[in-house]
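Going by the numbering used here, the letters in the sequence shown line up with residues 4 to 642, in that order.
Beta carbons: idealized from backbone N, C-alpha and C, even for Gly.
These figures come from a predicted structure and were not determined experimentally.
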Amino acid sequence: MVQEKGTISIHTENIFPIIKKFLYSDHEIFLRELVSNAVDATQKVKRLSSLGQYNKALGDLRVRIAVDENAKTITISDSGIGMTAEEIKKYINQIAFSGATEFMEKFKEAKDANEIIGRFGLGFYSAFMVADKVEIQTLSYQDGAEPARWICDGSTEFEITEGNRTERGTDVILYINSENEEFLEKHRIQEILDKYAKFLPVPIQFGTRTTSEPDGEDEKGETKYKQVEVDNIINNTNPIWTKQPSELKDEDYLNFYHELYPLAEDPLFWIHLNVDYPFNLTGVLYFPKLKNDFEIQRNKIKLFSRQVFITDEVKDIVPEFLMLLHGVIDSPDIPLNVSRSFLQADSNVKKINSYITRKVADKLGELFRKDRKAYEEKWSDIGLFVKYGAISEEKFWEKAKDFLLLSNTQKAHHTLDEYNEKVKTLQTDKDGRVVYLYTNDAEKQDAFIQSAIKRSYDVLVMDSPIDNHFIQHLEMKLEKTSIKRVDADILDRLIQKEDNLTHVLTEDESKKVKEIFEKAINNSNMNVTVEPLSADELPVTITMEEWMRRMKEMARMGGGGMQFYGSLPDNYKVAINGNHKLINRILNAGDESQQTALAKQAFDLALLSQGMLKGADLTAFVERSVNLIGDNEAVANKA
Numbered sequence: 004m005v006q007e008k009g010t011i012s013i014h015t016e017n018i019f020p021i022i023k024k025f026l027y028s029d030h031e032i033f034l035r036e037l038v039s040n041a042v043d044a045t046q047k048v049k050r051l052s053s054l055g056q057y058n059k060a061l062g063d064l065r066v067r068i069a070v071d072e073n074a075k076t077i078t079i080s081d082s083g084i085g086m087t088a089e090e091i092k093k094y095i096n097q098i099a100f101s102g103a104t105e106f107m108e109k110f111k112e113a114k115d116a117n118e119i120i121g122r123f124g125l126g127f128y129s130a131f132m133v134a135d136k137v138e139i140q141t142l143s144y145q146d147g148a149e150p151a152r153w154i155c156d157g158s159t160e161f162e163i164t165e166g167n168r169t170e171r172g173t174d175v176i177l178y179i180n181s182e183n184e185e186f187l188e189k190h191r192i193q194e195i196l197d198k199y200a201k202f203l204p205v206p207i208q209f210g211t212r213t214t215s216e217p218d219g220e221d222e223k224g225e226t227k228y229k230q231v232e233v234d235n236i237i238n239n240t241n242p243i244w245t246k247q248p249s250e251l252k253d254e255d256y257l258n259f260y261h262e263l264y265p266l267a268e269d270p271l272f273w274i275h276l277n278v279d280y281p282f283n284l285t286g287v288l289y290f291p292k293l294k295n296d297f298e299i300q301r302n303k304i305k306l307f308s309r310q311v312f313i314t315d316e317v318k319d320i321v322p323e324f325l326m327l328l329h330g331v332i333d334s335p336d337i338p339l340n341v342s343r344s345f346l347q348a349d350s351n352v353k354k355i356n357s358y359i360t361r362k363v364a365d366k367l368g369e370l371f372r373k374d375r376k377a378y379e380e381k382w383s384d385i386g387l388f389v390k391y392g393a394i395s396e397e398k399f400w401e402k403a404k405d406f407l408l409l410s411n412t413q414k415a416h417h418t419l420d421e422y423n424e425k426v427k428t429l430q431t432d433k434d435g436r437v438v439y440l441y442t443n444d445a446e447k448q449d450a451f452i453q454s455a456i457k458r459s460y461d462v463l464v465m466d467s468p469i470d471n472h473f474i475q476h477l478e479m480k481l482e483k484t485s486i487k488r489v490d491a492d493i494l495d496r497l498i499q500k501e502d503n504l505t506h507v508l509t510e511d512e513s514k515k516v517k518e519i520f521e522k523a524i525n526n527s528n529m530n531v532t533v534e535p536l537s538a539d540e541l542p543v544t545i546t547m548e549e550w551m552r553r554m555k556e557m558a559r560m561g562g563g564g565m566q567f568y569g570s571l572p573d574n575y576k577v578a579i580n581g582n583h584k585l586i587n588r589i590l591n592a593g594d595e596s597q598q599t600a601l602a603k604q605a606f607d608l609a610l611l612s613q614g615m616l617k618g619a620d621l622t623a624f625v626e627r628s629v630n631l632i633g634d635n636e637a638v639a640n641k642a
C-alpha cells in the first residue's frame, strides 16, 4: 500500500474544538458512539451473510473493549465488515458523508425493519473529546482487500498507511489525553457500558470475570468447584422488548423489571408496545406502585434507539403524565444524538406520543372492564397516575372518564357517572347544582365528616398531591357540579336548601352572642356569625372559604399567578350555632367574665378540632379546662 497523507474534508476551519465543547454535552458519550459503530459493522456483515453477499465463516462476532493503563489507550475491536483505504477516505475523512446511505441503497431489497444501518461520521469523531490521537486498524470483508491504518492527532491532518490487521474487522485505538484519564479506570468504563450497552444486540466483552465450575467429586461424592476466569460479556443481546408477547410469561416481565430497577417493588402490571407503522416502536411500560410524593417516581423510562441507550429524560417523547411509568421504549426513528427542539418538532415523536397515550388508556380500560374488583384494589396506587393523565392530556381524559374512580370515606369506589347518580338526590342545592363534598385529611376533618354523615351526605377522599388541580378539572368537565371541602363552611351553606332551620335566639340575643365571642376571640382575622344550625351540630365551627383556601394551596404549590394569595393573611369564618344549648348557657352565665371564659373555651375547642390550637394558646386552654372542671365539681358538691 502506498503511504498517503492529506487533509480531512470538512466545511469549517477546525471541527475538533466544536466536537469537544458543543456537539456532545457529556464526554462519556464517546464510548457509546464507538461501540455503536462496532455493533453496526457487525450487524452489517451478518446481514451480508444472510443475503448471500458474504460466503465465508462469520466467526466470533463479539465486540471487545480493552483498556491499557500503561499505554493510556482504549481499544474497541469488532469483527464486522471492516474498511478499505478508499472507504476510510470516504467515510472517515469526509465527515458529512454517511456510509449508511450507500449501504441501504445497495441492499434495499432486504426490507428488514430491524436492520441496523450504521453511520461513520460525527459519531466517530466524538473520540477526540477524550483522545489526543486516534488510530484505526481495519481489514475489509471484500476479497483481496488489504489491511489499512489511519491515524490522526486531532488536527485536520491524517495519515493512511498499510495496516497490520489479519482478520476481518476494525480496531479503533484511542490515545487518551491527560484531562480524561478517568476513562482509563476499568470501573469507569464498566459503568459507561452498563449504562449504554447493556442491551446491545451483539455480545460486548469487557475483560474477564471469575466464576465457579464443577471440578470432579470429593471423598463423599459431592461435587467440587474451582474458580476459573471467563470472558466478561456485559450485555443481554435479546431483551424482552425485542420478543413477541406470546413468547413471554409474567415471570419474564418481572425478572426484566428487576433487572432495570433492582430495588423496586414488583410492578402492578405492564404494557408491551410493538408497532411498525406509521413508525417503528417497541418497548415495555410498567405501572409501579406510586407513592403520594410522585416526584421521586419520575424519569424511570429508558429511551433506546436500536437497543442503544439514549436517555432516561423522555419528557419530549412521552406525555408528561406518562413519566410516572417505568420501563423501556425503543425506536429506530429517534436518532442517538438529537436536540430537544428536534424532538419537539419531529412528526414521528408526536405520533409516538399519541400512540403510547392511547395504549395506556386502552390497557387501563381493559383492566377495569375485565376485573373491576382487582382494578379497585390497585386504585390507591394508580389513581394518582390516572388523575394526572386526565388533567394534563385531553385525549387521555376522553377515555379515562369511563374508568376513573372517586373514593369516599367508606372506602367505596364509583365511576363519575355512578357517583353522580349516588349523591344527586340528597346533595343537589336550591339552584339545581350537585355538590360533591370531600376531605383531604380525614382524621383532622373528622368532626365535619361526621356532621355530613348524620345528614346522609357522602364525603369523598381527595388527599393526593394533585387533587387540588383534579378538583378544578372535574368542575370544568362536569355539568352543574360544585366540589367543596367538607370543612369549607357549615353544611347548610355548603349545600344550601330551601328548608333552612330558624333561630331559637331572638335578634337581640344573637347580637349579644356575637359580641361575647368577638371579645373572647379578639382576632380581626376571625369573622364571627351566629347561625341557625341543628342542635346536634357543634357549638362553634371554624372554616375558610373554599375559593380562598384553593388559591392559597395553589400558591403553596407554586401555581402561576397565585403568589398574591399566598401573601394574604389567613381569614376564617367562625359560625356560632345559635341553636346549641351551650350558647344558651353562655348567655345566661353569671357575669361577663364567665361569659368570656366559656366563649373562649368553646372557640378553642373548635380550634383544637382543626389542629389549629398550639403553643401558649394550647397551654392556656388546658389550664382553663382544669379550672372549669374544678368549678363544676364545687357546684356539684354544694348541690
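The beta carbon of Ile237 is closer than 8 angstroms to those of Gln193, Leu196, Asp197, Ala200, Lys201, Ile207, Gln208, Phe209 in its chain, skipping five residues each way along the sequence.
With respect to the 8 angstroms criterion, Leu504 and Val516 are not classified as neighbours on the basis of their beta carbons. The three-state reading of DSSP puts Met86 in coil, since its state is none of H, G, I, E or B. Sixteen is the threshold: since fewer than 16 other Cβ atoms of the shown chains lie within 10 Å of the Cβ of Gly55, the residue is exposed. Per DSSP, reduced to three states, the secondary structure at Ala623 is helical. If you look at Gly581, you'll find it isn't in any alpha helix (DSSP H); DSSP assigns it neither H nor E. Runs of the beta strand (DSSP E) lying entirely within the segment 391 to 423, each at least 3 residues long, are 408 to 410, 416 to 418 in chain order. Take the alpha-carbon of Asn283 and the one of Gly392: they are about 24 angstroms apart.
The beta carbon of Ile84 is closer than 6 angstroms to those of Ala44, Lys47, Val48, Tyr144 in its chain, skipping five residues each way along the sequence. Between the alpha carbons of Thr599 and Ile519 lies a gap of roughly 6 angstroms.
In the DSSP assignment, Val48 falls within the alpha helix (DSSP H) that extends over 32 to 53. Contact check for Ile355 against Ser334 passes: the beta carbons are separated by less than 8 angstroms. Only residues of its own chain outside the window of five on either side were considered, and among them Phe290 have a CB closer than 6 angstroms to the CB of Phe272, listed in chain order. For Val438, the enclosing beta strand (DSSP E) covers residues 437 to 442. Counted as a single uninterrupted DSSP element, the stretch harbouring Ser350 is not any beta strand (DSSP E) but the alpha helix (DSSP H) occupying residues 350 to 373. For Ile274 against Lys366, the beta-carbon gap comes to about 5 angstroms, under 8 angstroms, which counts as contact. When the beta-carbon positions are compared, Phe371 and Phe406 come within less than 8 angstroms of each other.
Under DSSP, the beta-bridge partners assigned to Ser308 are Val311. Scanning Tyr280, Thr211, Phe606, Ser215 for the CA closest to the CA of Met529 turns up Phe606. Rounded to the nearest whole angstrom, the CA to CA distance from Val531 to Leu541 is 15 angstroms. When rounded, the separation of the alpha-carbon atoms in Asn241 and Tyr260 is 15 angstroms.
For the alpha helix (DSSP H) assignment, the uninterrupted runs of no fewer than 4 residues enclosed by the segment 157 to 224 are, from N- to C-terminal side, 189 to 199. In the structure shown, His275 adopts extended strand secondary structure according to DSSP, grouped into three states. Restricting attention to Lys223, Gly286, Ile474, the CA atom closest to the CA of Pro248 is found in Gly286. As the crow flies, the alpha-carbon of Asp63 is around 24 angstroms from that of Ile243. Residue burial is scored here from C-beta neighbours: Ala377 has fewer than 16 other C-beta atoms within 10 angstroms and is therefore classed as exposed. A direct Cα-Cα distance of roughly 5 angstroms separates Ile68 from Ile79. The segment 440 to 453 makes no contact with the segment 356 to 365; the number of CB pairs closer than 8 angstroms stays below 3.
In this structure Thr76 is in contact with Ile176, their Cβ atoms being roughly 6 angstroms apart against a cut-off of 8 angstroms. A straight-line Cα-Cα distance of about 13 angstroms links Asn423 and Lys404. If you draw a 10 Å sphere on the C-beta of Ser612, you find 16 or more other C-beta atoms in it, and that means buried. In the pairwise beta carbon analysis, the segment 487 to 503 is classified as touching the segment 423 to 434: at least three pairs are separated by under 8 angstroms. Note on Asp490: 16 or more other CB atoms within 10 angstroms of its CB, so buried under the neighbour-count rule.
The same chain holds no residue with a CB closer than 7 angstroms to that of Leu266 once the five nearest residues on each side in sequence are set aside. Cβ atoms of Thr211 and Arg168 stay farther apart than 8 angstroms, at about 23 angstroms.
Your pair Ile545 and Ala609 checks out as a contact, with CB atoms roughly 5 angstroms apart and the cut at 8 angstroms.
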